[in-house]
Amino acid sequence: MATKQSSRSRRASSSRQRGPRHVEAVLDPTWQNPYAPSSAERQSHLDAAHRYAMRRSLPVAYAGAALVVAALVGMVVSVWFVVVALVVAAGAALALRGASARFEERAAHLGDEFLGAFSTGGTTKDRQRLVTVLDRLTATFGVDAVNAVIVDDAGYNAALVPNGASYSFFVTSSLMRDFELIELEGVVAHCLARQRLGILARESMSALGNVAPATRRDIAGAGLAYRADEVAAAAIRYPLGLAGALRKCAREAMPTSSFFTSAQYDKWRFVWFNVWSDRTTRDLSDLDDVELRALALEEW
C-alpha cells in the first residue's frame with residue numbers, strides 16, 4: 103500500500119515538473135542598435151571636423167617653423183636667438199590654434215551666410231505646417247532651438263544649418279507646396295538625424311573656402327546622407343514617407359533659375375538633403391544618390 107502511494111506521489115510530482123521551463127532572458131551587454139548613433143560614431147565625426155580645421159591652418163604652422171629654424175641658425179651669432187626661437191615657436195602655436203578656432207567658429211555660424219543667399223517665401227499655412235512638424239520631431243531627436251526658414255526657390259531641398267547656439271532649418275517653398283505631410287516629416291527627420299550623428303560641423307566646413315569638389319566630399323563624409331536616412335527612418339518608424347520624398351527629388355527636373363544649379367550650391371551641396379540636385383542622371387554606385395537612397399528605404 104505504501105509503495106502504491108509513493109508511486110502515485112512520484113507520478114504527480116513528475117507531471118508537475120513537465121510544464122514549460124522558464125528561461126531567464128539574457129541581454130548581450132555589448133549589443134548596439136545600428137540605427138541609433140553611438141557616442142563613438144558621433145565623436146569620430148567631430149574629430150574629423152577638428153582635424154580638417156587644424157590641417158587648413160597648417161600654413162601658419164609652416165611659417166612659424168621657418169622662423170624658428172632661422173632663429174636657431176642665428177645662434178651662431180648670439181645665444182639670444184635661442185630665446186627668439188622659443189618666443190616664435192610659442193607665437194606660432196597660438197596663431198595655429200587661433201586660426202583653427204576662427205575657422206570652426208565661421209562654420210558654426212553658416213546659417214548667417216545662408217540667410218543672406220535667399221529671399222523668404224511660402225505661405226502662412228506652409229509655415230504653420232512646418233513649425234508643427236519641427237516642434238514634434240525636434241522633441242523626438244532631442245534638438246533644441248531650431249528656427250524655421252522657408253526660402254523662395256523652385257527646387258526641392260532642405261538643410262539644417264548651425265547658427266551659433268541655435269540651428270536654422272531651411273526648406274524651399276516648392277517642397278512645402280508639393281510634398282505630402284508624411285514626406286515633409288521624412289525630410290525634417292533626415293536633417294535632424296544629421297545633427298544626432300554629429301556630422302553638421304564637418305558638413306558646414308565643407309561649404310567654406312575654395313577647395314576641389316573631391317576634397318569637399320571627403321570633408322563632409324561620403325555616404326553620410328544614406329546613413330542619416332537610416333537613423334531618420336528608424337526614429338519616425340515610417341521609411342516610405344522619406345522614400346517618397348527622395349523619389350520626388352529623383353524625378354524632379356531642376357529649373358535653371360533655381361539656386362540648386364548655381365556655383366554657390368556646388369560649394370554648399372553637402373549641407374543639403376539632396377546633395378545632387380543638379381545631377382541629370384542617377385548613379386546607383388553612389389550612396390548619397392537620391393534614387394539609391396529611395397530604393398534602400400523601399401526595401402525595409
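The sequence shown begins at 103 in this note's numbering and counts up one residue at a time. Using N, Cα and C, we set each Cβ at its ideal position, and we do this for glycine too.
Could you have a look at residue i and say whether DSSP puts it in helix, strand or coil?
{"i": "P131", "result": "coil"}
{"i": "L394", "result": "helix"}
{"i": "F272", "result": "strand"}
{"i": "L386", "result": "coil"}
{"i": "L407", "result": "Lying outside 103 to 402, the shown extent of the chain, residue 407 is not represented and no answer is given."}
{"i": "P315", "result": "helix"}
{"i": "V373", "result": "helix"}
{"i": "S360", "result": "coil"}
{"i": "V333", "result": "helix"}
{"i": "D380", "result": "coil"}
{"i": "R158", "result": "helix"}
{"i": "T226", "result": "helix"}
{"i": "S140", "result": "coil"}
{"i": "R153", "result": "helix"}
{"i": "R123", "result": "coil"}
{"i": "E207", "result": "helix"}
{"i": "E215", "result": "helix"}
{"i": "E401", "result": "coil"}
Can you tell me which residues form a DSSP beta bridge with residue i?
{"i": "L236", "result": "Its beta-bridge partners do not exist; DSSP assigns none."}
{"i": "F243", "result": "Partner(s): none; F243 has no beta bridge."}
{"i": "P264", "result": "Y269"}
If you drop the 5 nearest sequence neighbours on each side, which residues of the same chain put their C-beta closer than 6 Å to that of residue i?
{"i": "A49", "result": "Because the chain here runs from 103 to 402, residue 49 falls outside it and cannot be looked at."}
{"i": "A210", "result": "P264"}
{"i": "R395", "result": "Y328, D331, L348"}
{"i": "W402", "result": "P341"}
{"i": "A150", "result": "R304"}
{"i": "L326", "result": "I301"}
{"i": "D280", "result": "none"}
For the beta strand (DSSP E) that contains residue i, what are its first and last residues?
{"i": "F220", "result": "First-last for F220: undefined, no H or E at that position."}
{"i": "V253", "result": "248 to 253"}
For residue i, collect the residues of the same chain with a Cβ closer than 7 Å to its Cβ; drop the 5 residues on either side in sequence, then sort them by chain order.
{"i": "S276", "result": "D255, A256, G257, Y258"}
{"i": "K369", "result": "A309"}
{"i": "F216", "result": "V263, S270, F272"}
{"i": "R144", "result": "L299, G300"}
{"i": "H292", "result": "A330, D331, A334, L344, F375"}
{"i": "R318", "result": "S308, F372"}
{"i": "E393", "result": "A352, R384, L386"}
{"i": "S359", "result": "A256"}
If you follow the alpha helix (DSSP H) that residue i is in, where does it begin and where does it stop?
{"i": "H292", "result": "283 to 299"}
{"i": "L348", "result": "341 to 353"}
{"i": "L310", "result": "Segment: none, L310 is in no alpha helix (DSSP H) and carries neither H nor E."}
Does any C-beta atom of chain D lie closer than 8 Å to the C-beta of residue i?
{"i": "D237", "result": "This model lacks chain D altogether, as it is built from one protein chain only."}
Quick one: residues in its chain with C-beta nearer than 8 Å to the C-beta of residue i, no 5 flanking neighbours on either side, listed in chain order?
{"i": "G223", "result": "I252, V253, D254, D255, T274, S275"}
{"i": "L283", "result": "R231, V235"}
{"i": "A219", "result": "F361, Q366"}
{"i": "P315", "result": "D368"}
{"i": "Q297", "result": "F243, V245, L262, Y269"}
{"i": "L212", "result": "V263, P264, N265, S306, A309, L310, V373"}
{"i": "Y154", "result": "R304, M307, I321"}
Cβ pair count under 8 Å reaching 3, the stretch 331 to 339 against the stretch 381 to 393: As far as the Cβ criterion goes, the stretch 331 to 339 does not touch the stretch 381 to 393, which means the pair count is below three.
contact_flag[the stretch 295 to 310, the stretch 340 to 356] where n(CB pairs < 8 Å) is 3 or more: Judged by Cβ distances under 8 Å, the stretch 295 to 310 makes no contact with the stretch 340 to 356, as fewer than three pairs qualify.
Stretch pair the stretch 236 to 252 + the stretch 355 to 364: three plus CB contacts closer than 8 Å: Short answer: they don't touch.
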